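There are 2 protein chains.
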Amino acid sequence: MSNTEMDVEDPKRAAVLVTAVGVFGRYGFQKTSMEAVARAAGISRPGLYLMFPNKEQLYRATMQGVLERAQRAMEVHLADRSLSFDAGVVAALDALMGPYIDTPLARDLNELLENSEPRLGSMFHDYQERARATLSAHIAATAPPGLLHADLTGHDVMDLLFSAALTWKSTSATRDEFRDRIRRSLQLIHRPAG
Amino acid sequence: MSNTEMDVEDPKRAAVLVTAVGVFGRYGFQKTSMEAVARAAGISRPGLYLMFPNKEQLYRATMQGVLERAQRAMEVHLADRSLSFDAGVVAALDALMGPYIDTPLARDLNELLENSEPRLGSMFHDYQERARATLSAHIAATAPPGLLHADLTGHDVMDLLFSAALTWKSTSATRDEFRDRIRRSLQLIHRPAG
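Residue numbers (the numbering used here), protein chains in the order written: chain A, 1 to 194; chain B, 1001 to 1194.
Structural data, given as structure tokens:
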């Protein structure tokens, strides 16, 4: 059983990780103390150390939890057959990147994720690659007739939307604006058959 | 006469600014000395101080020169009537962002520009807005029939391409790859009339 699976199966540990997102997001890695996370989570400091031997490991587990939940939320939307192709792609990118847009805390968290390479290694990059592969395969498998052809693949459509969305995550004032920009892009590349 | 116009008309000053790009790009703002720039430009240190009273002002003028040249190069490509619509847009974005891709020095310069807000204020952002407006107007005026309609404007096409290109500027291994990604995106949104 991997560590990730254990996180999912231990609700107390999972609750601490969700609480820690807010604390790290607000104060950053340096200024966050184990004491502050324990207090916010309503457990004792020794109790927290029993789960995580140091702040570094708590931080890694917290960020992995954030990224893992986003990846799964994306997969749920992509598997939802009640959504149209366009609506599914919008919902998937919104599940993946939308949580970093609406509030100052969400933006702080985004900052933290994008600039934590020294501390998280390739974790953020690896999750991005996984999300790109998931979305690419989904588009290749479910694109309406006429959207793709021999030389323009699901990967091309994914690369365009994903790359633009990464910029829009930082430049959209609201999550609605973010979703709207993706929706309009899909309209541009996905015209009704002429 | 504005400072910018004076830069253009004083070839000695312009040559110093072009030299300074390489020095700041390689060593960053902190580790670059006026002495090093003077030496690289083949002028005396007092001579450099006659042109720029301090390193801060030399830096601002250097970065403004970089951004101004990129904007003008973009405008030249957009005005070139011998290019197809797609080729013109690829050339314009390549002129604007391509110079930050190919070499380690180019990437360092990109880092410097994107992270100099405390030192350059809104300069980088302002140039981006200007380039977006230029490209948006060009697309609205020259888009082939069928690309735009009432609800999908030149601004939408620009926003999609420009935002994706900003990401690709950082994630493309070569300038050729960068251009190819833009070219393929244009093929996706600009199908031959069906």
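Where a beta carbon is used, it is the ideal one built from N, C-alpha and C, also for glycine.
Predicted, not measured: the structure shown is a model, and the values here were computed from it.
Below 8 Å on the Cβ atoms is my contact criterion, and I expect residue i with residue j to pass it. Report the Cβ-Cβ distance as a whole number of Å.
| i | j | result |
| --- | --- | --- |
| Leu1152 of chain B | Ala1092 of chain B | About 20 Å; that fails the 8 Å criterion. |
| Thr62 of chain A | Phe124 of chain A | No, Thr62 of chain A and Phe124 of chain A are not in contact; Cβ-Cβ is about 13 Å, not under 8 Å. |
| Leu67 of chain A | Tyr127 of chain A | 4 Å |
| Arg1175 of chain B | Gly1098 of chain B | 5 Å |
Please report the residue range of the alpha helix (DSSP H) in which residue i lies.
| i | result |
| --- | --- |
| Thr1062 of chain B | 1055-1079 |
| Ala1141 of chain B | 1123-1142 |
| His155 of chain A | 154-171 |
| Ala1040 of chain B | 1034-1041 |
| Ser185 of chain A | 175-189 |
| Phe85 of chain A | 85-97 |
| Pro145 of chain A | Looking at the DSSP string, Pro145 of chain A is not in any alpha helix (DSSP H), and its letter there is neither H nor E. |
| Tyr1027 of chain B | 1011-1031 |
| Tyr100 of chain A | Taken as a continuous stretch (DSSP letters only), Tyr100 of chain A belongs to no alpha helix (DSSP H), as it is neither H nor E. |
If we count the other Cβ atoms within 10 Å of its Cβ and call it buried at 16 or more, is residue i buried or exposed?
| i | result |
| --- | --- |
| Pro195 of chain A | Shown here, chain A extends from 1 to 194; a query on residue 195 of chain A therefore has no answer. |
| Asn1003 of chain B | Here the model assigns Asn1003 of chain B a pLDDT of 49, short of 50, so the residue's position is not dependable, and the following value carries that caveat. When all chains shown are included, Asn1003 of chain B counts as exposed. |
| Asp10 of chain A | exposed |
| Ala1193 of chain B | Below a pLDDT of 50, predicted positions are generally treated as unreliable, and Ala1193 of chain B, at 43, falls in that range; no measurement from the model is reported. |
| Glu5 of chain A | Note that Glu5 of chain A scores 45 on pLDDT, short of 50, meaning its location in the model is unreliable and no value can be drawn from it. |
| Thr1163 of chain B | Residue identity differs from the one stated: residue 1163 of chain B is Ser in this sequence, not Thr. So Ser1163 of chain B ends up on the buried side. |
| Tyr1100 of chain B | buried |
| Lys1012 of chain B | exposed |
| Arg81 of chain A | exposed |
| Thr32 of chain A | buried |
| Leu50 of chain A | exposed |
| Phe1178 of chain B | buried |
| Gly47 of chain A | exposed |
Hey, residue i and residue j: beta-carbon distance below 8 Å or not?
| i | j | result |
| --- | --- | --- |
| Ala1015 of chain B | Ala1040 of chain B | no |
| Asp86 of chain A | His155 of chain A | no |
| Glu35 of chain A | Arg45 of chain A | yes |
| Arg1026 of chain B | Leu1113 of chain B | no |
Measuring alpha carbon to alpha carbon, tell me which of the options ends up nearest residue i.
| i | options | result |
| --- | --- | --- |
| Asp94 of chain A | A:Pro145, A:Gln71, A:Arg45 | A:Gln71 |
| Thr1019 of chain B | B:Ala1038, B:Val1090, B:Ile1189, B:Lys1031 | B:Ala1038 |
| Phe1052 of chain B | B:Val1157, B:Leu1017, B:Ala1173 | B:Leu1017 |
| His138 of chain A | A:Val76, A:Gln64, A:Ser44 | A:Val76 |
| Tyr1059 of chain B | B:Leu1109, B:Leu1160, B:Ile1101, B:Thr1142 | B:Leu1109 |
| Gln30 of chain A | A:Arg184, A:Ser116, A:Glu177, A:Gly98 | A:Ser116 |
| Ser1185 of chain B | B:Leu1161, B:Thr1171, B:Leu1147, B:Pro1144 | B:Leu1161 |
| Glu129 of chain A | A:Leu148, A:Arg107, A:Met158, A:Arg13 | A:Met158 |
| Ser122 of chain A | A:Leu50, A:Arg183, A:Gln64 | A:Gln64 |
| Arg1132 of chain B | B:Leu1050, B:Leu1078, B:Gly1028 | B:Leu1078 |
| Thr1171 of chain B | B:Val1089, B:Glu1111, B:Ile1043 | B:Glu1111 |
| Ala141 of chain A | A:Thr32, A:Val89, A:Gly28 | A:Val89 |
| Lys1169 of chain B | B:Ser1082, B:Leu1096, B:Leu1188 | B:Leu1096 |
| Ser1084 of chain B | B:Glu1177, B:Thr1103, B:Pro1144 | B:Pro1144 |
| Val1021 of chain B | B:Gly1047, B:Arg1107, B:Met1074, B:Ala1073 | B:Arg1107 |
| Leu1147 of chain B | B:Leu1048, B:Gly1047, B:Gln1187, B:Asp1102 | B:Gln1187 |
| Thr1103 of chain B | B:Asp1180, B:Arg1181, B:Ala1173 | B:Ala1173 |
Against residue i, what residues of chain E qualify as contacts under a CB-to-CB distance less than 9 Å, listed in chain order?
| i | result |
| --- | --- |
| Thr1134 of chain B | Annotation note: the requested chain E is absent from the structure, which comprises protein chains A and B. |
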